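**Q** Numbering (the working numbering), first residue to last: 1018 to 1252.
I have a structure here, written as structure tokens, and I will follow up with some questions on it.
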Ligand SMILES: [Fe+2]
């Protein structure tokens, strides 16, 4: 949960640099940065709906006197929705027409969203996580990641997984890989083979029969790495 929250904290903190850094009229870069934030906002929707469906009902029913406090934090999702939707609308307009004034409005919207969101995430970590550890089973809590990822398909899956894994310890990364279904592990290995290799080491041959999908995944990987690299410089 904390790695997921950190994705949102870091991504929205990087908005001034990433969005203000796009030159007026540079549609290619605006589409890349716009796509990155559109996916992060979509991930935020998925994260919230997962908590709404899988966490709050069980927790408020089981945590006794703390139920009112949990419900107060749950209700913050509704207050965040207008800020998320406003950011999405402004982001779409700027990505289509990368004008600096539109970009400034997107940065302002994402910054305002971040201020309210971070306060909510902090409260979840301080209040909700200990209660969830006490009152939810491992299986109930374990249903959250799949719910959060179900709106992502194709190569977009790797952007979200990359953002998450970048904020995990090595132990957490190994644990995550150990619990992935075998087909996902195979895809992860293939993805790793496509990453840039150290100088002097030959790139392995492209897997047979995977040309179109792999080429797409490779372009997305480069876009994701670019966005991630820029994000890392600001946090
Ligand atoms: Fe939440």
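Heads up, the beta-carbon is just placed ideally off N, CA and C, and yes, glycines get one too.
Predicted model, so just to flag it, every value in this text is computed and none were measured.
Would DSSP call residue 1064 helix, strand or coil?
**A** helix
**Q** Go ahead and label residue 1042 buried or exposed: buried means 16 or more other beta carbons lie within 10 angstroms of its beta carbon, across all protein chains shown.
**A** exposed
**Q** Going by the C-beta, is residue 1143 closer than 6 Å to any heavy atom of ligand 1?
**A** no
**Q** At which residue ranges does the segment 1019-1070 contain complete beta strand (DSSP E) runs of 3 or more residues, listed in the order of the chain?
**A** none
**Q** Rounded to the nearest angstrom, what separates residue 1029 and residue 1198 at their Cα positions?
**A** 31 Å
**Q** For residue 1131, is the classification buried or exposed, using 16 other Cβ atoms within 10 angstroms of its Cβ as the cut-off for buried?
**A** buried
**Q** Please classify residue 1094: does DSSP put it in a helix, a strand, or coil?
**A** helix
**Q** Residue 1144 and residue 1090 look like a contact to me (Cβ under 8 Å); what is the Cβ gap, rounded to whole Å?
**A** 6 Å
**Q** Starting from the C-beta of residue 1116, find all residues in its chain whose C-beta is less than 7 Å away, skip the five residues before and the five after it, and write them out in chain order.
**A** 1041
**Q** With 16 other CB atoms within 10 Å as the buried threshold, where does residue 1082 fall?
**A** That one is exposed.
**Q** Let me know the secondary structure DSSP gives residue 1185 once reduced to three states.
**A** Coil at residue 1185, not helix or strand.
**Q** Using DSSP with H/G/I as helix, E/B as strand and the rest coil, what is residue 1153?
**A** coil
**Q** Measure how close the beta-carbons of residue 1142 and residue 1019 come, nearest whole angstrom, since I'm counting them as under 8 Å.
**A** About 6 Å; that satisfies the 8 Å criterion.
**Q** Helix, strand or coil for residue 1137 per DSSP?
**A** helix
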